[in-house]
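Input: a single structure, listed below in structure tokens.
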Amino acid sequence: MTASLAPQQAQQVFRTVLDALSRPGEVLRLPAISMEIARQNSIEIARPTSMEIASSRVPAALLPVLALADLDTPVHVDGWADLVRTQTSAPLVERTGARLAALLEPVEDLAGFPVGSAGAPEEAALVALAVRGFGDGPLLRLSGPGVPGHRELRVSGLPADFAAQRRELIDFPAGFDLLLVAPDGEVVGLPRSTRVEEGA
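This is how it looks when you write it as structure tokens:
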């Protein structure tokens with residue numbers, strides 16, 4: 008199976024990622040990119056995970072990795088590893104060594120990703136986390152740079168103690184940046200500078 012982003016598509020994904028991280032909590036949408044998986048020479052290069060949608064398209068949460076990774080970018084994924092390796096030439100690593108990551112399966116633990124330091128914040132990871140969607144689920148209250156006053160957001164498919172975990176893992180400027188990505192391509196950025204509290 009093969010699938011790849013054209014340069015223009017990769018640029019569109021990149022711009023959306025930047026916009027999402029500069030406007031925390033605002034629901035944006037990744038570009039509508041059809042990445043149907045097709046067999047090549049009867050060899051399956053990518054093996055879809057249980058989050059695969061019926062049409063065998065690449066999960067939306069994988070698009071940031073496919074757009075941003077290259078052979079110098081250590082990547083962690085919990086599915087579609089062969090596709091990522093084939094299309095980006097990026098080295099695949101465990102969480103602790105990743106600069107880019109895509110968590111496509113439900114997770115309860117967000118720990119283990121590089122958070123950088125006050126002297127080297129650029130060494131932190133950017134993590135795309137697949138969620139079920141926005142509008143339902145627990146209420147999150149966001150504040151900080153890029154958020155006018157505060158913003159409220161409901162997200163379904165997050166770990167039960169998401170806000171508490173995030174507080175423990177982030178000590179700005181150290182911490183990792185997070186993209187919440189729904190199956191339909193809706194995306195919300197939560198940079199490490201954003202404060203997240205659980206609502207009522």
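Number 54 in my numbering belongs to position 47 of the sequence shown; there are no gaps in the numbering. C-beta: ideal position from N, C-alpha, C; glycine also. Just so we're clear, the structure is a prediction, and the values are computed from it rather than from any experiment.
With 16 or more other Cβ atoms inside 10 Å of its own Cβ, residue 95 counts as buried. Per DSSP, reduced to three states, the secondary structure at residue 72 is helical. Nearest to residue 161 by alpha-carbon distance, out of 106, 82 and 206, is 206.
A direct Cα-Cα distance of roughly 8 angstroms separates residue 73 from residue 17.
Within the stretch 138-195, the complete beta strand (DSSP E) runs of at least 3 residues fall at 140-150, 158-163 and 184-188. Within its own chain, the residues whose Cβ lies closer than 6 angstroms to the Cβ of residue 139, once the five positions on either side in sequence are excluded, are 163 and 164, listed in chain order.
In the DSSP assignment, residue 204 forms a beta bridge with 148. Apart from sequence neighbours up to five positions away, the residues of its chain that approach residue 200 with a beta-carbon distance below 7 angstroms are 151, 152 and 179, ordered along the chain. Shown here, residue 90 sits in a helix according to DSSP, grouped into three states. With a cutoff of 7 angstroms on beta-carbon distance, residue 167 and residue 132 are scored as not near each other. Of the candidates 34, 25 and 28, 34 places its Cα closest to the Cα of residue 194. Here residue 121 is buried, its C-beta having at least 16 other C-beta atoms within 10 Å.
For residue 189, the closest C-alpha among the options 169, 143 and 155 is that of 143.
The alpha-carbon separation between residue 176 and residue 14 amounts to approximately 34 angstroms.
Residue environment for residue 65: buried (at least 16 other C-beta atoms within 10 angstroms of its C-beta). From the listed residues 204, 106 and 27, the smallest Cα separation to residue 157 is found for 204. If you draw a straight line from the Cα of residue 80 to the Cα of residue 129, it is about 13 angstroms long. Secondary structure at residue 34: coil, using DSSP grouped into helix, strand and coil. With respect to the C-alpha of residue 75, the residue from 85, 101, 105 and 86 having the closest C-alpha is 105.
When the beta-carbon positions are compared, residue 197 and residue 31 come within less than 7 angstroms of each other. Looking at the backbone, the Cα of residue 21 and that of residue 187 are separated by about 15 angstroms.
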